[in-house]
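As they're listed, the protein sequences go chains A and B.
This note's numbering puts the first residue of the first sequence at 30, with every later residue one more than the last.
This note's numbering puts the first residue of the second sequence at -6, with every later residue one more than the last.
What follows is a short report on a single structure.
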Amino acid sequence: MTRRVELSGWGRWPRVLCTVASPARPEAVAPTLAALPSAIPRGLGRSYGDAALNAAGVISCRRLDRMIRFDPGTGLLEAEAGVTLDAVIAAFLPRGFFPAVTPGTRFVTIGGAIAADVHGKNHHRDGSFADHVAWFDLLCPDGELRRCSPQSNPELFRATPGAMGLTGTILTAAIRLRRVETGWIMQRTIVAPDLDAAIAAFEANLDATYSVAWIDCLAGGARRGRSLVYLGEHATRDDLPPARRARPFEIPHRRPRRVPLDAPAVALNRLTVGLFNAAYFRAGSRRSGPELVDWARYFHPLDSLLDWNRIYGRRGFAQYQCALPLATAREGLSALLGAIAASGLGSFLAVLKRFGPGAPDRPLSFPIEGYTLALDFPVSAAALRLMDRLDAITREAGGRLYLAKDSRMTPETLKAGYGPALDRFRALRAAQEGPGRMTSALAQRLGL
Amino acid sequence: MSRVSDPAGGNAGAPVLVLGAGSDIARAIAQLLAARGHPLQLAARNPAALDRDAADYATRHGVAVTTHAYDATDLARIEAFLDGLPALPRIVISAVGLMGDQEANAADPARAAEVIATNFTGPALTLEAAARRIAAAGGPGAVIGISSVAGDRGRAKNYVYGAAKAGFTAWLSGLRQKHARGPVLVMTVKPGFVATAMTEGMDLPAALTTTPEALAARIVAALDRGRPVHVDPLWRIVMGVIAHLPERIFMRTRF
């Protein structure tokens, strides 16, 4: 049974009328696929652009949401692909386990996290999501279900993370959780008055478990790239105030708030974003010394504001996330920030992060060793022109864009960013003959 | 009345029996009660189809979960079914239901009987027997029947289903009065529209539509407070109006 639904990614742009099927159990996915002319799997729809859109067929994995088993000895959790990190944390944090890698939202599915090979604030130390996946079962275009692991179907095991669902549909997966003593993070804030200082702070703290920076993309001149660099470590029980030690996994309950309607288009402009950034930087600069922050506020601050994508208004927004190699990162970032400042367009969210070594054996996995910058722009002609300029700078620096965020890059930009790995991936796709053709709006746009 | 369950995990050992355990509403309630530590007995016509859910609850919450064959329409086997459970359940939830096709239900006696047994006599007799057993054991306990606002007034669209739910609602009301002074809470739940995975993208009126999770949270909250009837407040108004429309006017409407 299918229905026709207008879908978009989290950026709410573009929107596509899609035929959607919601198979109720893993065994129902193969017949569902066989009945569609082509398909792409979709989880919670948190990729920003057109990766989980396909007019001819979308397989919603939301009903594949059962956990299968957990081994507390190894921390290995087997679960269906539609299980969310939210559910994983709810079930296992009280028992002292936490996802080894979590992106900026817990409202993602395990299948989606593998498909995008998401990264977190610990990428420089722990790699990306797929580095903590023991195996997954992939329903391939030929209708065969294949167990993929380093030993079994290793090519698919490497090609699937980052491929945004194009190699097949993940039905179940086994992920390793990490042990934690508490639900709290010991956070330290480093005030970086400019880009060089921010980079120096990252480089000096490569041994920190977590690191990420909020960057003021509107500050110009000598203050260009001023940042607040946040370092974090899982707090031990002894780090907690005595009153919290008895229940170390409990955090203050915050009622999530919801953005009730689309903000008017003018709400976020250079002035309001500039004022916000200045106030935020000042407030952050006053913070000194380590502080305890609960896991939800530390890892997923925006999750407390449900439907936050509506603050960009009805037209939607595009997220721009690039990664630049270490050697060119400083010049590249400076040029990117310069182009943004010159455009007069503010990005409300701007995040800078040091990546560790990427995974060159995974052709479409995004992270490469260096720096990644993530920005949001409400969709407009000027913003699209600006992002084209940012593409040129990224390419010049030998960098690449993140498919999970992208809605507008050209095949040439993709080719420049991913290089010969792209040909390897296309060859693998071509060899995956079968009636269950996997494709998406993103794949069609980029010729993947 | 002492509580059979509470958010702090009190009486967490009390087993919970879920009839029609494969439904979205049943699953949402089971998650909440398993999270409090209650062992679960899942029952449905085809228990093998519950294995996935059983593993899920056990993995998430570390509780014992068993599955059982239960056919609500097999009225003669109800006592035997209860005898076959590994322990006397202290909370019994019936989420059994069958809507069917109205035209076929009204025309075919076998279908009519099936709809009535599935929505009414089967769950009613099961909750009746369970309440008697829990009371005999001294309680505390609760039996919860998921009925429907469709039973508030027969409508052309679904009156076989509606009549069965009306019967179930009336039975629960009587059962509740019978146990009013005893240790067993008898709760009637009358949901309105509930959005499930299958209705994603469908055009249900947002103000009148809830999710299985939200409904389950309200049912468990009602259980905690010992509330006998749970109806969505907006639906209470809507059905209050529909139920009291004069016949002359009601005949002209199409809902």
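Every residue, glycine too, gets a C-beta built ideally from N, C-alpha and C.
C-beta atoms of Glu405 of chain A and Ser363 of chain A nearer than 8 Å: By one-based count along the first sequence, residue 405 of chain A stands at place 376. By one-based count along the first sequence, residue 363 of chain A stands at place 334. With the sequence shown as reference, residue 405 of chain A is identified as Asp, and Glu is not the correct amino acid for it. Cβ atoms of Asp405 of chain A and Ser363 of chain A: not closer than 8 Å.
The region 241 to 258 of chain A / the region 321 to 334 of chain A touching (three or more Cβ pairs under 8 Å): Contact between the region 241 to 258 of chain A and the region 321 to 334 of chain A is absent, with fewer than three C-beta pairs closer than 8 Å.
Under 7 Å from the C-beta of Arg45 of chain B: neighbouring residues of chain A: The residue given as residue 45 of chain B occupies position 52 in the second sequence. Those are Arg54, Arg95, listed as they occur along chain A.
Rounded distance between the beta-carbons of Ser(-2) of chain B and Ile84 of chain B, thought under 8 Å: Locating residue 84 of chain B in the second sequence gives position 91, where the first residue counts as 1. Locating residue -2 of chain B in the second sequence gives position 5, where the first residue counts as 1. Contact holds; Cβ gap of about 6 Å.
Closer than 8 Å at the beta carbon, the chain B residues around Ala120 of chain A: Locating residue 120 of chain A in the first sequence gives position 91, where the first residue counts as 1. Among the residues of chain B, those whose CB is under 8 Å from the CB of Ala120 of chain A are Thr52, Arg53, His54, following chain order.
Span separating the alpha-carbon of Gln350 of chain A from that of Arg276 of chain A: Stepping through the first sequence from its first residue, residue 350 of chain A is reached at position 321. Stepping through the first sequence from its first residue, residue 276 of chain A is reached at position 247. When rounded, the distance between both Cα atoms is 38 Å.
For Ala421 of chain A and Leu365 of chain A, the rounded distance between their alpha carbons: As a working note, residue 365 of chain A is residue 336 in the first sequence. As a working note, residue 421 of chain A is residue 392 in the first sequence. Distance between the alpha carbons of Leu365 of chain A and Ala421 of chain A: 10 Å.
Contacting residues, own chain, Cβ-Cβ under 6 Å from Tyr431 of chain A (five flanking each side not counted): As a position in the first sequence, residue 431 of chain A is number 402, starting the count at 1. Apart from sequence neighbours up to five positions away, the residues of its chain that approach Tyr431 of chain A with a beta-carbon distance below 6 Å are Gln350, Phe395, ordered along the chain.
Boundaries of the beta strand (DSSP E) in which Pro50 of chain A is found, first to last residue: Taking the first residue of the first sequence as position 1, residue 50 of chain A is located at position 21. A small correction: the amino acid at residue 50 of chain A is Ala; Pro does not occupy that position in the sequence shown. Here the beta strand (DSSP E) through Ala50 of chain A covers 44 to 50.
Interface flag, Phe99 of chain A vs chain B, CB-CB below 8 Å: Numbered from 1 along the first sequence, position 70 holds the residue referred to as residue 99 of chain A. The beta carbon of Phe99 of chain A sits closer than 8 Å to some beta carbon of chain B.
Closer than 8 Å to chain A by CB, Asp217 of chain B: Taking the first residue of the second sequence as 1, we reach residue 217 of chain B at position 224. Not closer than 8 Å to any Cβ of chain A, the Cβ of Asp217 of chain B fails to qualify, so no.
Test: Ala57 of chain B CB closer than 8 Å to a CB of chain A: If you number the second sequence from 1, residue 57 of chain B lands on position 64. Nearest CB-CB separation between Ala57 of chain B and chain A: not below the 8 Å threshold.
Given 8 Å, three or more beta-carbon pairs between the region 216 to 227 of chain A and the region 249 to 266 of chain A: The region 216 to 227 of chain A vs the region 249 to 266 of chain A: in contact.
Met(-6) of chain B at chain A interface by Cβ criterion, 8 Å: Along the second sequence, read from residue 1 onward, the residue named residue -6 of chain B stands at position 1. With a pLDDT of 47 at Met(-6) of chain B, under the threshold of 50, the modelled position of this residue cannot be trusted, and the question is left open.
Residue-chain proximity (Asp49 of chain B, chain A), Cβ-Cβ < 8 Å: Walking along the second sequence from the start, residue 49 of chain B turns up at place 56. By this cut-off, Asp49 of chain B is an interface position.
Buried or exposed (CB count within 10 angstroms, at least 16 for buried), His282 of chain A: Translated into the one-based positions of the first sequence, residue 282 of chain A becomes position 253. Flag for His282 of chain A reads exposed.
Validate contact between the region 341 to 361 of chain A and the region 205 to 212 of chain A using beta carbons, cut 8 Å, 3 pairs: By the criterion of at least three beta-carbon pairs nearer than 8 Å, the region 341 to 361 of chain A is not in contact with the region 205 to 212 of chain A.
First and last residue of the uninterrupted alpha helix (DSSP H) at Glu232 of chain A: Within the first sequence, numbered from 1, the residue matching residue 232 of chain A stands at position 203. Counting along the chain, the alpha helix (DSSP H) containing Glu232 of chain A begins and ends at 224 to 233.
Straight-line gap, Leu82 of chain A to Leu475 of chain A (C-alpha atoms, nearest Å): The sequence position of residue 82 of chain A within the first sequence is 53, counting from 1. The sequence position of residue 475 of chain A within the first sequence is 446, counting from 1. Spanning the two alpha carbons is a distance of roughly 13 Å.
Distance between Arg(-4) of chain B and Arg38 of chain B (C-alpha atoms, nearest Å): Here the question's residue 38 of chain B lines up with position 45 in the second sequence. Here the question's residue -4 of chain B lines up with position 3 in the second sequence. Distance between Arg38 of chain B and Arg(-4) of chain B, taken at the CA atoms: about 30 Å.
Minimum C-alpha distance to Arg20 of chain B - residue among B:Thr204, B:Gly131, B:Arg146, B:Ala69: By one-based count along the second sequence, residue 20 of chain B stands at place 27. Residue B:Thr204 is the option with its Cα nearest to Arg20 of chain B.
Identity of the residue in A:Gly428, A:Arg71, A:Arg311 nearest Thr357 of chain A by Cα: Here the question's residue 357 of chain A lines up with position 328 in the first sequence. Per the Cα distances, A:Gly428.
Minimum length 3: unbroken beta strand (DSSP E) runs contained in the region 134 to 214 of chain A: If one requires a minimum length of 3 residues, the beta strand (DSSP E) runs lying completely within the region 134 to 214 of chain A are 162 to 168, 174 to 177, 198 to 208, in chain order.
Classification of Lys150 of chain B by the beta-carbon crowding that lies within 10 angstroms, buried from 16 upward: One-based indexing of the second sequence puts residue 150 of chain B at position 157. By the 10 Å Cβ count, Lys150 of chain B comes out exposed.
Run of the alpha helix (DSSP H) containing Arg33 of chain A, from where it starts to where it stops: Within the first sequence, residue 33 of chain A is the residue found at index 4, counting from 1. Looking at the DSSP string, Arg33 of chain A is not in any alpha helix (DSSP H); the run it does join, the beta strand (DSSP E), is 31 to 37.
Status (buried if at least 16 other CB within 10 Å, exposed otherwise) for Met244 of chain B: Here residue 244 of chain B is taken as the residue at index 251 of the second sequence, counted from 1. Classification of Met244 of chain B: exposed, given that the 10 Å Cβ count is below 16.
Beta-carbon separation (whole angstroms), Ala352 of chain A vs Gly385 of chain A, contact threshold 8 Å: Reading the first sequence from its first residue, position 323 is the one you call residue 352 of chain A. Reading the first sequence from its first residue, position 356 is the one you call residue 385 of chain A. About 11 Å; that fails the 8 Å criterion.
Local conformation of Gly134 of chain B per DSSP, three classes: Translated into the one-based positions of the second sequence, residue 134 of chain B becomes position 141. Strand, per DSSP.
3-residue-minimum beta strand (DSSP E) runs that sit fully inside the region 308 to 370 of chain A, ordered along the chain: Fully enclosed beta strand (DSSP E) runs of no fewer than 3 residues occupy 320 to 323, 346 to 354 of the region 308 to 370 of chain A, in order along the chain.
Proximal residues to Arg286 of chain A (C-beta, below 8 Å), its chain only, five neighbours per side dropped: Mapped onto the first sequence, residue 286 of chain A falls at position 257. Setting aside the 5 residues that flank it on each side, Arg286 of chain A is surrounded in the same chain by Ser333, Leu334, Leu335, each with a C-beta closer than 8 Å to its C-beta; the list follows chain order.
Integer-rounded CB distance, given that Phe136 of chain A should sit under 8 Å from Asp115 of chain A: Here the question's residue 115 of chain A lines up with position 86 in the first sequence. Here the question's residue 136 of chain A lines up with position 107 in the first sequence. Taking the Cβ atoms as the reference, Asp115 of chain A lies roughly 6 Å from Phe136 of chain A, within the contact range of under 8 Å.
DSSP three-state assignment for Val142 of chain B, whether helix, strand or coil: As a first step, residue 142 of chain B is located in the second sequence; it is residue number 149 there, counting from the start. Helix.
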